[in-house]
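Here you go:
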């Protein structure tokens, strides 16, 4: 797991080439989701059929798979939002920080544990994911965003920008 070399923009805490960096994390996310689907299917299927009894017995993993799928889809939609704003010339610092924080946090949770409730944390092993699966997931882009995407400095900068917009009902271009 090598941290990719991505510097912060010289004037902000936004990672350089942010939308390219976030886009590069989507294929590993999708691959991990597919691997989790297959691992669960292997556990709850008999031949080509899903066993209702086996699925019920493994409902924690089934519920967790839904959470993982939601996280992956959320990241895809965040990327689409950023791309659309770029095309309209509306992707500024606030939007970049929102994107960066979302990717940093969700990638970290996918890697280490997705909170499904206050007392339930879905771990990758709960889905039948192996160390090899996680190693393949931890590309340079994923590692960079986990390490540098959602730091205290990044969150402080976003809060500073929000304070500057006192009284606004939304922050950044909502698309």
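In the numbering used here, the protein residues as written are -9 to 165.
Glycine is no exception: its CB is placed at the ideal position from the N, C-alpha and C atoms.
Bear in mind that the values here come from a model prediction, so they are computed numbers and not experimental data.
For residue j and residue i, the rounded distance between their alpha carbons
i, j, result
"residue -5", "residue 29", "Note that residue -5 has pLDDT 42, beneath the 50 cutoff, so the model's placement of it is unreliable and the number below is only indicative. Looking at the two C-alpha atoms, the distance is approximately 33 angstroms."
"residue 6", "residue 101", "23 angstroms"
"residue 11", "residue 35", "37 angstroms"
"residue 157", "residue 53", "39 angstroms"
"residue 47", "residue 79", "50 angstroms"
"residue 4", "residue 45", "43 angstroms"
"residue 114", "residue 103", "7 angstroms"
"residue 146", "residue 49", "39 angstroms"
"residue 66", "residue 43", "33 angstroms"
"residue 38", "residue 60", "25 angstroms"
"residue 81", "residue 135", "19 angstroms"
"residue 142", "residue 111", "23 angstroms"
"residue 32", "residue 64", "26 angstroms"
"residue 153", "residue 106", "31 angstroms"
"residue 40", "residue 133", "35 angstroms"
"residue 121", "residue 109", "24 angstroms"
Residue j beta carbon less than 8 angstroms from that of residue i
i, j, result
"residue 117", "residue 58", "yes"
"residue 21", "residue 131", "no"
"residue 55", "residue 91", "no"
"residue 165", "residue 51", "no"
"residue 76", "residue 9", "yes"
"residue 26", "residue 151", "no"
"residue 72", "residue 87", "no"
Rounded distance between the beta-carbons of residue j and residue i, thought under 8 angstroms
i, j, result
"residue 84", "residue 162", "4 angstroms"
Segment limits, alpha helix (DSSP H) that includes residue i
i, result
"residue 141", "Note, residue 141: premise wrong, no alpha helix (DSSP H); not H, not E."
"residue 20", "8 to 34"
"residue 5", "Taken as a continuous stretch (DSSP letters only), residue 5 belongs to no alpha helix (DSSP H), as it is neither H nor E."
"residue 46", "42 to 47"
"residue 87", "83 to 102"
"residue 116", "Per DSSP, residue 116 belongs to no alpha helix (DSSP H) and is neither H nor E."
"residue 193", "Outside the modelled stretch of the chain, which goes from -9 to 165, sits residue 193, for which no answer is possible."
Residue i versus the options, residue with shortest Cα-Cα distance
i, options, result
"residue 24", "47, 110, 62, 42", "62"
"residue 68", "45, 115, 44, 94", "94"
"residue 19", "32, 142, 89, 129", "129"
"residue 16", "41, 31, 39, 70", "70"
"residue 127", "42, 81, 99", "99"
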